[in-house]
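Peer 1: A single structure is presented below for examination.
Laid out in structure tokens, this is it:
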């Protein structure tokens, strides 16, 4: 394995001020203009598309600049607790073997998600296998797995048409070793993320850098006094959706344990846009909606409160019964029932004007919706966003079955023809999601294998995103069959929302 020294990168501050409109890339632009566009979009979407499943939201979530530090140290002052993290100089971990060079194509779907997603994975110490060795083991395994996932060792570049691609240089992934001056207890329960505290566990970059200057993959391993450690991963979303990211992380962990892995399928030309483009469906998910309810002001004027709501099997069963009690819906999945339920509850808690148009957006994995299905191990973004919409009055006044049917129809819409139409629409318009404060976007991690990422110290006892500015479903409880809903709302709305969560 060959490693070289890399320049020190200062710790990033954690703030997000998210406007209700997102800039659109010009139809024709030079490389400089295209880079500027992606830089603007990065500043808008950072913290939005954090999960690997097209999660995003529209609202303003100001996060305080609550830590101070320099190139090598970050410090967080919380409620009576202080987290100090000392970082060593970043290095580059190169693939431990020969890899292809040249340009690597990424699809239009990939390019619409050029933002960095940050996640953390917490591991307990083991007396028989001290965490002092964790950095070395994880670093060596990373070098080995990058031979198979070699695009992650390259760098993003912009061509003359304003399109992103990967230059496969084998330069490597950024790796940072860090030491915390505390036991892991200082982290507490991360099921409701603290972006400032958890942000110290993921190596980030100055806000002045644009997307092509930020490494595709950055890894930080932070050791704690108790013997435990945290793996912090920052991965550009344009390289992987949730399924692909988990396959990479599990392959990396299996490599660390000396196990063979199934190589990924790296040819993304399968999702290349058609020439000429054929837009066969209306794509309302890209439309802009007027905020006649002035909901955006609520997010600007009030503190945002994040809460977790647990839905055990009894509550989920009861919720589906409510959805089907009028006979309109014959059956529905947990995701459909819960998404429809919180969409209604959020609109009510925000006191949305009945005349307000509102949307529910979510992603649908397209791998199995192609004929034939995409190859096993397809590495990249293969999910598309679909949406359902109606007036807030209809949503709040009609039975839950009304919202459930809207969600079901939005899922049924996603066929191979629809996915191809989305790809062609993005290629032809250079548009991307225009998310408003009246919209809700949900994401589910219930089927992602975060809990199986074992580098030799057992499975992580807790894991999750650094930020949650959306509605996120996480597995919970015995057998991971219960669901934790994570959501942030303005304080007055959260009080009302809590009452509506009582089933």
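In this note's numbering, the protein residues as written are 138 to 640. Idealized CB from N, CA, C, for every residue including glycine.
1. Using only the alpha-carbon positions, how far apart do residue 556 and residue 503 sit?
2. Hey, residue 393 and residue 278 are a contact pair by Cβ (cut 8 Å); roughly how many whole angstroms apart?
3. Label residue 366 either buried or exposed according to how many other C-beta atoms from any shown protein chain fall within 10 Å of its C-beta, with 16 as the threshold for buried.
4. Express the C-alpha separation of residue 349 and residue 390 in angstroms, rounding to a whole number.
5. Under 8 Å by Cβ, that's how I've got residue 445 and residue 364 pegged, so tell me the actual separation to the nearest angstrom.
6. Could you tell me the alpha carbon to alpha carbon distance between residue 471 and residue 227, rounded to whole angstroms?
7. Could you name the residues of the same chain whose beta carbon sits closer than 7 Å to that of residue 540, not counting the 5 residues immediately before and after it, in chain order?
8. Using the C-alpha atoms, what's the distance from residue 244 back to residue 633?
9. Do the stretch 449-469 and the stretch 517-534 touch if we need at least three Cβ pairs shorter than 8 Å?
10. According to DSSP, simplified to helix, strand and coil, what is residue 533?
11. Would you give the residue range spanned by the beta strand (DSSP E) that residue 372 belongs to?
12. Rank 378, 497, 337, 509 by C-alpha distance to the C-alpha of residue 423 and give the top, closest one.
13. For the beta strand (DSSP E) that contains residue 302, what are its first and last residues?
14. Which class does residue 196 belong to by DSSP, given the choice of helix, strand or coil?
15. Between 430, 507, 230, which has its C-alpha nearest residue 530's C-alpha?
16. So residue 358 packs on residue 370, CB below 8 Å; how close in whole Å?
17. In the DSSP assignment, find the alpha helix (DSSP H) that holds residue 262 and state where it starts and stops.
18. Counting only the same chain and skipping the five closest in sequence on each side, list residues whose C-beta sits under 6 Å from that of residue 164.
19. Spatial neighbours of residue 629 within its chain, please: CB distance less than 8 Å, with the 5 preceding and 5 following residues excluded, ordered by chain position.
20. Name the one or two DSSP bridge partners that residue 357 has.
21. Label residue 468 either buried or exposed according to how many other C-beta atoms from any shown protein chain fall within 10 Å of its C-beta, with 16 as the threshold for buried.
22. Roughly how many angstroms separate the alpha carbons of residue 523 and residue 501, rounded to a whole number?
23. In the DSSP assignment, what are the bridge partners of residue 621?
24. Note down the Cα distance separating residue 626 from residue 324, rounded to an integer number of angstroms.
25. Note down, in chain order, each residue of its chain lying with its Cβ closer than 8 Å to the Cβ of residue 548, except the 5 sequence neighbours on either side.
26. Going by beta-carbon coordinates alone, are residue 230 and residue 304 separated by less than 7 Å?
27. Just grab the DSSP bridge partners of residue 552 for me.
28. Helix or strand or just coil, what does DSSP make of residue 499?
Peer 2: By the coordinates alone:
1. Here residue 556 is taken as the residue at index 419 of the chain shown, counted from 1. Here residue 503 is taken as the residue at index 366 of the chain shown, counted from 1. Answer to the nearest angstrom: the Cα atoms are 7 Å apart.
2. Counting from 1 along the chain shown, the entry for residue 393 is found at position 256. Counting from 1 along the chain shown, the entry for residue 278 is found at position 141. With 8 Å as the limit, residue 393 and residue 278 qualify as a contact, their Cβ atoms being about 4 Å apart.
3. Residue 366 sits at position 229 when you count from the first residue of the chain shown. The residue is buried, with at least 16 neighbouring Cβ atoms inside 10 Å.
4. In the chain shown, residue 390 corresponds to position 253, counting from 1. In the chain shown, residue 349 corresponds to position 212, counting from 1. Roughly 28 Å separates the two Cα atoms.
5. By one-based count along the chain shown, residue 445 stands at place 308. By one-based count along the chain shown, residue 364 stands at place 227. With a beta-carbon spacing of about 28 Å, residue 445 and residue 364 fall beyond the 8 Å limit used to define contacts.
6. By one-based count along the chain shown, residue 471 stands at place 334. By one-based count along the chain shown, residue 227 stands at place 90. Going by C-alpha positions, residue 471 is about 43 Å away from residue 227.
7. Taking the chain shown and counting its residues from 1, one reaches residue 540 at position 403. Result list for residue 540: 477, 480, 481, 532, in chain order.
8. By one-based count along the chain shown, residue 633 stands at place 496. By one-based count along the chain shown, residue 244 stands at place 107. Between the alpha carbons of residue 633 and residue 244 lies a distance of about 42 Å.
9. As far as the Cβ criterion goes, the stretch 449-469 does not touch the stretch 517-534, which means the pair count is below three.
10. In the chain shown, the residue the question calls residue 533 occupies position 396. DSSP places residue 533 in helix when its eight states are reduced to three.
11. Looking up residue 372 in the chain shown gives position 235. For residue 372, the uninterrupted beta strand (DSSP E) segment begins and ends at 366-373.
12. Counted from its first residue, the chain shown places residue 423 at position 286. Measuring from the Cα of residue 423, the nearest candidate turns out to be 497.
13. As a first step, residue 302 must be located in the chain shown, where it is residue number 165. Run containing residue 302: 301-305, per the beta strand (DSSP E) assignment.
14. Residue 196 sits at position 59 when you count from the first residue of the chain shown. Legend: pLDDT at residue 196 = 27, less than 50; position of this residue unreliable, value from coordinates given subsequently. The answer is coil: DSSP assigns residue 196 none of H, G, I, E or B.
15. The residue labelled residue 530 in the question sits at position 393 within the chain shown. Distances from the alpha-carbon of residue 530 to those of 430, 507, 230 put 430 closest.
16. For this step, residue 358 is matched to residue 221 along the chain shown. For this step, residue 370 is matched to residue 233 along the chain shown. Contact flag wrong, Cβ pair sits at about 10 Å.
17. On the chain shown, residue 262 is found 125 positions in, with the first residue counted as 1. Neither: residue 262 is in no alpha helix (DSSP H) and is coded neither H nor E.
18. In the chain shown, the residue the question calls residue 164 occupies position 27. Because the pLDDT at residue 164 is just 39, under 50, the model does not fix this residue reliably, and the value given afterwards should be weighed accordingly. So no residue of the chain qualifies.
19. To locate residue 629, count along the chain shown from 1; it is residue 492. 435, 439, listed in sequence order.
20. As a first step, residue 357 must be located in the chain shown, where it is residue number 220. Bridge partners of residue 357 according to DSSP: 313, 369.
21. Stepping through the chain shown from its first residue, residue 468 is reached at position 331. So residue 468 counts as exposed.
22. The residue you call residue 523 lines up with position 386 of the chain shown. The residue you call residue 501 lines up with position 364 of the chain shown. If you take the alpha carbons of residue 523 and residue 501, they lie about 7 Å apart.
23. Reading the chain shown from its first residue, position 484 is the one you call residue 621. Residue 621 has 447, 611 as its beta-bridge partners, per DSSP.
24. Numbered from its first residue, the chain shown carries residue 626 at position 489. Numbered from its first residue, the chain shown carries residue 324 at position 187. Residue 626 and residue 324 have their C-alpha atoms roughly 23 Å apart.
25. In the chain shown, residue 548 corresponds to position 411, counting from 1. Only 473, 501, 523 meet the Cβ criterion.
26. For the purposes of this step, residue 230 is taken as the residue at position 93 of the chain shown. For the purposes of this step, residue 304 is taken as the residue at position 167 of the chain shown. Taking 7 Å as the Cβ cut-off, residue 230 and residue 304 do not qualify as a contacting pair.
27. Walking along the chain shown from the start, residue 552 turns up at place 415. DSSP output for residue 552 lists no bridge partner at all.
28. Position 362 of the chain shown, counted from the first residue, corresponds to residue 499. In the three-state reduction of the DSSP assignment, residue 499 falls in the strand class, which pools E and B.
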